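Asker: So that we are looking at the same thing, I have put the structure below in structure tokens.
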Amino acid sequence: MSISEEIQNAPAWWSDAVVYQIYPRSFADSTGNGVGDLEGIRSKLDHLEQLGVDVVWLSPIYRSPQADNGYDISDYRAIDPLFGTLEQFDVLLAEMHARGIKLVMDLVVNHTSDEHPWFVESAASRHNPKRDWYIWRDGIGDREPNLWRSAFSGPAWSKVATSDDPSDSPGGDQYYLHLFAAKQPDLNWENPEVRAAVYEMMNGWLDRGVDGFRMDVINFIAKVQADLTGDSTHALMGPQIHDYLQEMNAAVFAGRDADLITVGEMPGVSVEDAQLFTGADRLELDMVFQFEHVGLDHGPDSKFDNLTLQLTDLKASLGRWQSGLAESGWNSLYLGNHDQPRSVSRFGDDGEYRVESATMLATILHLHRGTPYIYQGEEIGMTNAGFTSIGQYRDIESLNWYAEEVAAGATPEELLASLRIRSRDNARTPVQWDDSTHAGFSSGTPWVEVNANYSEGPVNVAADRAAGERSVFEHYRRLIALRHGSAVVALGSFTMLLPEHPTLYAFTRTLRDETLLVVGNFSSGEVDVAALQPSIATGSLVLNNYPGHVTVDAPLRPWEARVIAVS
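Have a look at this one:
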């Protein structure tokens, strides 16, 4: 294949792009009310521009009762006053675009808030025109329609009493489905009116200038409703999901600027599924978020049943996704986000080797084939929260799980130990900007406590930027610049090396006659690289995460990473 043909067949502009996720309530507060907002984000655009990211993904900022921090939406067309106004959004969007940064909105359309006017009408009567906009079922005897559980603990069904409408027969109470919180009822995507309303809303945001959507649990919108009264869970991600996404593409994205981006969050998706969802000729999605690699340290009982991650399992998982999407489709690359613990605490060493492990993890991730996602605070090596009492937590999933387990007889001490490892609040503590009060996040009391190490480490943006060669931020800048400037990083093939090595992560990226060898030490001891001879000895160092000179074939120091051009 000629170079011109290869460029023509390259997987679009996002092959060398880097995305930065902002969780708005925890990013920067401009008003002093303790909650981050749009003006706070705007005040930090220099930070994002200097980092070099191409896209910002905003977690939900729509009007919401905030039962699940904005993932329960009561008005898709309005900005929640907690975050600002539509006018402030327009200014933020324009300033991002002026800096060459695209803005992606979070699309949450598997469910709404129970305070959305659609659901208020739907729950009013069995005969309301919007009754079929949600999923209602009769109970079985004195229990729910099936045994499904909510992702946030408890049954996935809640009962609404018969209304005062005389046409509703006595005893006509029904249950509505909510795969998440009871205040997040699932929409009925089998109803074409629902789909049309969603597409109209999406078009409205694109017309306003946004550059695409990250789609929350989008594979859950397709349910095999004939199975909703059974005990099975195979009713999720029904076969009509491809019809829905292709219809969405035609109704929303077709004929628009090719610079848009769509990514679908898809729990339980397989490599084979992703090949279909992201195949360029299928016109569904650009890429998906899969969860396989972030489930490897979950025990059989729940995500809070914490296991020790084996590096060989992580390599097998990520390697399978690299090979599976090598010819068709595209990878989203991430280790952390608003739903996951801090990556340096989970996969690295957040103590003595915090800087080294934060930069090593970033190097390994960003040198894979796909689009890397940086979650706010990763670029300075932020760690898990370290909370010691249940009163410090705000996450509905964590609080519900704790209450359920206490009721079942578990001790608070063991539950808090699990939450310190796994709670979503670990990622949601405010961004640590400096060592002033509340880490420079807010002049008021933050909605959730700031991690104490903002001043004790100190772990904050100002201190990191002043750290010179030991700056995590500067290492991220180098990684992003490498992706922007290297065709082999953006488009090269991927080959995993030494898949059974317990502490060494090694792979190559190759494009035509250029090969990069990437090695990382996932341990606090030295790791010999003799198994990579002779190729490593003939290479030249492109990037590493330790200051000073290093011989490319010297043993790897604790949590060291090297990128080597192999001749």
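The opening residue of the sequence shown carries number 1 in full-length UniProt numbering; numbering runs sequentially from there. No residue lacks a Cβ here, since even glycine has one placed at the ideal position from N, Cα and C. It should be emphasised that the depicted structure is a prediction, and the values quoted were computed from it without experimental measurement.
1. So Q240 and A222 are supposed to be a Cβ contact under 8 Å. How far apart are they, rounded?
2. Taking the C-alpha atoms as reference points, what is the distance between E560 and S357?
3. Which one or two residues does DSSP pair with K102 in a beta bridge?
4. Any idea which residues DSSP pairs W189 with across the strands?
5. Quick check on Q21: does DSSP put it in helix, strand or coil?
6. Which runs of the alpha helix (DSSP H) at least 4 residues long sit entirely within the region 296 to 365? Give them in chain order.
7. Does the Cβ of S389 have 16 or more other Cβ atoms within 10 Å, making it buried, or fewer, making it exposed?
8. Within 10 Å of its beta-carbon, does E352 have 16 or more other beta-carbons around it, so buried, or fewer, so exposed?
9. Just how far apart, CA to CA, sit E292 and S317?
10. When we look at the beta-carbon of T278 and count the other beta-carbons within 10 Å, is it buried (16 or more) or exposed?
11. In three-state terms, what does DSSP make of A156?
12. Here's the rule: buried if 16 or more other CB atoms are within 10 angstroms of the residue's CB, otherwise exposed. What is E284?
13. For E5 and G295, I'd like the C-alpha separation in whole angstroms.
14. I need the boundaries of the beta strand (DSSP E) containing Y71, first residue and last residue.
15. Shortest alpha-carbon distance to L516 belongs to which of F522, R562, S524, V472?
16. Assuming T359 contacts N545 under a Cβ cut-off of 8 Å, what Cβ separation, rounded to an integer in Å, is found between them?
17. Would you call T551 buried or exposed, if buried means 16 or more other Cβ atoms sit within 10 Å of its Cβ?
18. With G492 as the anchor, note down where its alpha helix (DSSP H) starts and where it stops.
19. By the DSSP assignment, the alpha helix (DSSP H) with D464 in it spans what residues?
20. Could you name the residues that DSSP lists as bridge partners for R372?
21. Between the beta-carbon of F220 and the beta-carbon of N146, is there less than 7 Å?
22. Kindly indicate which three-state DSSP category Q392 falls into: helix, strand or coil?
23. From the DSSP output, which residues share a beta bridge with N521?
24. Note down the Cα distance separating P155 from A181, rounded to an integer number of angstroms.
Answerer: Well, looking at it:
1. By one-based count along the sequence shown, residue 240 stands at place 240. By one-based count along the sequence shown, residue 222 stands at place 222. Confirmed, Cβ separation roughly 5 Å.
2. As a position in the sequence shown, residue 560 is number 560, starting the count at 1. As a position in the sequence shown, residue 357 is number 357, starting the count at 1. Between E560 and S357, the C-alpha separation is close to 7 Å.
3. As a working note, residue 102 is residue 102 in the sequence shown. V55.
4. In the sequence shown, residue 189 corresponds to position 189, counting from 1. BP columns for W189 are empty, so no partner.
5. Position 21 of the sequence shown, counted from the first residue, corresponds to residue 21. Strand, per DSSP.
6. 311 to 324, 343 to 347
7. In the sequence shown, the residue the question calls residue 389 occupies position 389. Exposed is the call here.
8. Translated into positions along the sequence shown, residue 352 becomes position 352. Answer is exposed; the Cβ neighbour count stays below 16.
9. As a position in the sequence shown, residue 292 is number 292, starting the count at 1. As a position in the sequence shown, residue 317 is number 317, starting the count at 1. So the alpha carbons of these two residues sit roughly 7 Å apart.
10. As a first step, residue 278 must be located in the sequence shown, where it is residue number 278. Result: buried.
11. Taking the sequence shown and counting its residues from 1, the one referred to as residue 156 is at position 156. Three-state DSSP puts A156 in coil, outside helix and strand.
12. For the purposes of this step, residue 284 is identified with residue 284 of the sequence shown, where counting begins at 1. That one is buried.
13. Counted from its first residue, the sequence shown places residue 5 at position 5. Counted from its first residue, the sequence shown places residue 295 at position 295. Because E5 sits at a pLDDT of 44, beneath the cut-off of 50, its placement in the model cannot be relied upon, and the point is left open.
14. Position 71 of the sequence shown holds residue 71. Where Y71 is concerned, there is no enclosing beta strand (DSSP E), given that its DSSP letter is neither H nor E.
15. Locating residue 516 in the sequence shown gives position 516, where the first residue counts as 1. Of the candidates F522, R562, S524, V472, the one whose C-alpha sits nearest the C-alpha of L516 is R562.
16. For this step, residue 359 is matched to residue 359 along the sequence shown. For this step, residue 545 is matched to residue 545 along the sequence shown. Right, the Cβ-Cβ distance comes to about 4 Å (below 8 Å), so this counts as a contact.
17. Numbered from 1 along the sequence shown, position 551 holds the residue referred to as residue 551. Counting Cβ neighbours within 10 Å, T551 comes out exposed, since fewer than 16 surround it.
18. Taking the first residue of the sequence shown as 1, we reach residue 492 at position 492. Here G492 belongs to no alpha helix (DSSP H), and DSSP marks it neither H nor E.
19. Within the sequence shown, residue 464 is the residue found at index 464, counting from 1. Element bounds for D464: 461 to 465.
20. Position 372 of the sequence shown, counted from the first residue, corresponds to residue 372. According to the sequence shown, residue 372 is Pro rather than Arg. For P372, which the question treats as bridged, DSSP gives the partners L333.
21. Taking the sequence shown and counting its residues from 1, one reaches residue 220 at position 220. Taking the sequence shown and counting its residues from 1, one reaches residue 146 at position 146. Not closer than 7 Å, so no.
22. As a first step, residue 392 is located in the sequence shown; it is residue number 392 there, counting from the start. Helix at Q392.
23. Sequence index remark: in the sequence shown, residue 521 carries index 521 (1-based). In DSSP, N521 forms a bridge with L504.
24. Numbered from its first residue, the sequence shown carries residue 155 at position 155. Numbered from its first residue, the sequence shown carries residue 181 at position 181. Using only the alpha carbons, I get a separation of about 9 Å.
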